[in-house]
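Position 239 of the sequence shown, counting from 1, maps to 239 under my numbering, and the rest follow consecutively.
Quick notes on the structure that follows.
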Amino acid sequence: MVQLSDKDFEMLRDFIYNICGIYFSNSKKYFLESRLKRRMEAVAAQSYQEYYACLKTVNGSATELKRLLDEITTNETCFFRNVPQLNALEQLLLPEIVAHKGKLGFRKIRVWSAGSSSGEEAYTLAMVLLEKRTALLKDWIIEIVGTDINETVLALAKEGVYNEYAVRNTPDYYLRKYFRQEEGGRYILAPEVKKLVSFSHVNLYDDNKMLFMKSFDFIFCANVLIYFDLASKSKIVQHFYNNLQPYGYFFVGQSESLHGVNDQFRTVHFPGGFTYKK
Ligand SMILES: C[S@@+](CC[C@H](N)C(=O)[O-])C[C@H]1O[C@@H](n2cnc3c(N)ncnc32)[C@H](O)[C@@H]1O
């Protein structure tokens, strides 16, 4: 198969960037090349220009674009990935928001896992909130939304069946209470957890879609922004800012920050980490 020239790399990189905000720097050229090759083989494209034309044709381009996005996104995740965040949510931030909303007469908690991959983050949050159902969240409606651009991982999320690797950080208490282990070793998530979460396809770079993601008390966008350049990060984070309730909290991944990306959020520290508030 033909080598990816610098010109073709830039053409395809810019195309991808304009669709979803993911930016492939020059150091990622070989990664992109290997992923493009898989798709080119699948559609029998003989050159990068031919593949580009295939992505841009009206008929079938949407399907091929979805397949390409499925190839180029990194979907690494697991249950209970960031324990200090979960502890802060459970012990400090949730009680604060419940007290605040309770006073206003609202009894609904809305949580968004943006870039939810195969659902582990959204379901972890569901389990943590379910634990509060008998006391703090008694008679409260819990709505958790997981969104991703990758259709394949969204389908896995909806299925709710996981392997040993996905649950490797899950405390025994949660594993026993909210999973059923099949003979083959697969972990089947309890229906009561699945019921709290809905998954949908949202491209975080799509302004029209983002305008509809409203009124969240907690937004988690962990280990997603690392794939974007500064301009696309700023655009997406501005949407999160607008879509968060005035008293809500916005979380990024353990090694991420909004430094240089957004100066409207303020940092709130907790043991082992930090979060953002308007
Ligand atoms: C590394 S995973 C993070 C999963 C989870 N948030 C966590 O921290 O474990 C990043 C996810 O972001 C998704 N993603 C990347 N670009 C996106 C975009 N423009 N819109 C929506 N999701 C996107 C990828 O498909 C992938 O599933």
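Glycine residues also receive a C-beta, built at the ideal position from the N, C-alpha and C atoms.
| Query | Result |
| --- | --- |
| Identity of the residue in Gly146, Ala42 and Ala222 nearest histidine 201 by Cα | Gly146 |
| Glycine 253 and alanine 222 closer than 8 angstroms at C-beta | yes |
| Glycine 21, buried or exposed, once every other Cβ within 10 Å from all chains shown has been counted against 16 | buried |
| Any non-hydrogen atom of ligand 1 within 7 angstroms of valine 224 CB | yes |
| Burial state of threonine 134 (16 or more Cβ within 10 Å) | exposed |
| Where aspartate 217 falls: helix, strand or coil (DSSP) | strand |
| First through last residue of the alpha helix (DSSP H) which encompasses phenylalanine 270 | That residue, phenylalanine 270, is in no alpha helix (DSSP H); its beta strand (DSSP E) goes 266 to 270. |
| 8 angstroms Cβ cutoff met for methionine 127 and tyrosine 51 | no |
| Terminal residues of the alpha helix (DSSP H) in which arginine 168 lies | From DSSP, arginine 168 is part of no alpha helix (DSSP H); its letter is neither H nor E. |
| First and last residue of the uninterrupted beta strand (DSSP E) at glutamate 90 | Unbroken run through glutamate 90: none, as it is neither H nor E. |
| Stretch pair the region 173 to 193 + the region 209 to 226: three plus CB contacts closer than 8 angstroms | no |
| 8 angstroms contact criterion, which phenylalanine 251 and phenylalanine 270 should meet: CB distance rounded | About 11 angstroms separates the two Cβ atoms, so there is no contact after all. |
| C-beta contact flag for lysine 233 and leucine 225 at 8 angstroms | yes |
| Nearest candidate by alpha-carbon position, reference leucine 257, set Leu156, Asp207, Lys277 and Ala99 | Reading off the sequence, residue 257 comes out as serine, not leucine. It is Lys277. |
| Under 8 angstroms between C-beta atoms of aspartate 8 and glutamine 49 | yes |
| Cβ pair leucine 230, glycine 115 closer than 8 angstroms | no |
| Buried or exposed by the 16-neighbour rule on C-beta atoms within 10 Å, applied to glutamine 85 | buried |
| Pick from Lys194, Arg186 and Ile141 that is closest to lysine 158, judged by C-alpha positions | Lys194 |
| Beta bridge counterpart(s) of glycine 146 as assigned by DSSP | Ser113 and Phe199 |
| Proximity test, aspartate 148 beta-carbon vs ligand 1 heavy atom, cut-off 7 angstroms | yes |
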